[in-house]
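Have a look at the structure below before the remarks.
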Amino acid sequence: MFMLVQGALYASTIALLAVQFTYRYVTVFKAQKLYYFQGFYFFFWILYVIWFAFEWAMGLYYFASLDDYSIEYMRAEMKDFYKLNIDQTTNFIVVVYESIPQSTNAKVRWWNLCCTFNMTFVMCFQYSIMIYCGRQLYYDMNEKISNLSKQLRKLHRQIFKTLVLQITTPTIVLFSPLVFTLYAPLFDLRLSVPTGVFLSGFSLYPALDAFVLMYVITDYRKAFQIIFTTDRLLLV
480 MFMLVQGALY ASTIALLAVQ FTYRYVTVFK AQKLYYFQGF YFFFWILYVI
530 WFAFEWAMGL YYFASLDDYS IEYMRAEMKD FYKLNIDQTT NFIVVVYESI
580 PQSTNAKVRW WNLCCTFNMT FVMCFQYSIM IYCGRQLYYD MNEKISNLSK
630 QLRKLHRQIF KTLVLQITTP TIVLFSPLVF TLYAPLFDLR LSVPTGVFLS
680 GFSLYPALDA FVLMYVITDY RKAFQIIFTT DRLLLV
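Encoded structure:
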């Protein structure tokens, strides 16, 4: 259950990023349609995030559930490297190839492979939205905000820089570790990699995202500096 919730939270995080980029795109290029983010329409975006979180979790539940072969496949690995009995752990296992007895060939476990396909679809769908919106903002934003006041132009540029960093940050700490974990089994490599080191990068994202906002947006940075300075004076 814990891993289902963890997977759903991951999917909801990247779906929220896609919604954030969509909102910024609509704000700059189609301001007359901002009502799609207000009132009743707001619940659509909530359902959008929930849907992809549900899809990710159900993909894990149905396509990566344990069977006798996957348990035995990982039993020695868990015992030798982690000193754990796999029967006493919570896990989902994706084994792409299954050895055929008395043969050097192997068959594809399509059921497990569907888990990889499902995760790939969710990630690519969200990432495509972010890339498209980010590209449009990069090439056309200056023209769209040319009629705004100097202060608003400055704010829009700061927000765009924030969005660029908010693409880079999840690419490094959210997408890259999972891509390695997802696609390494496709090559049937005999590796013993502590993937927990890679996946722990997920926990860095909230802190890095907040840091990006405070660093790039001038008003946030000034407010943070005022709070920090005030607290330091009170301690003195």
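The opening position of the sequence shown corresponds to residue 480 in the numbering used here, with each subsequent residue numbered one higher. For each residue, glycine too, the CB sits at the ideal point set by N, CA and C.
The DSSP-derived three-state label of K512 is helix.
S655 carries a helical assignment under DSSP once its states are collapsed to helix, strand and coil. Our two residues, V658 and G486, have alpha carbons roughly 14 Å apart in a direct line. Of the residues A536, T506, V528, T492, the one whose Cα lies closest to the Cα of F481 is A536. Beta-bridge analysis with DSSP links V528 to no other residue.
By the C-beta criterion, the segment 513-530 is judged not to be in contact with the segment 582-597, since fewer than 3 inter-stretch pairs fall below 8 Å. Going by beta carbons, G538 and N597 fall inside the 8 Å limit. By the C-beta criterion, the segment 539-552 is judged to be in contact with the segment 569-589, since at least 3 inter-stretch pairs fall below 8 Å. Assignment of S491 by DSSP, reduced to helix, strand and coil, places it in the helix class. Listed in chain order, the non-local C-beta contacts of I565 below 8 Å within the same chain comprise I550, M553, R554, M557, K558, local neighbours out to five positions each way being set aside.
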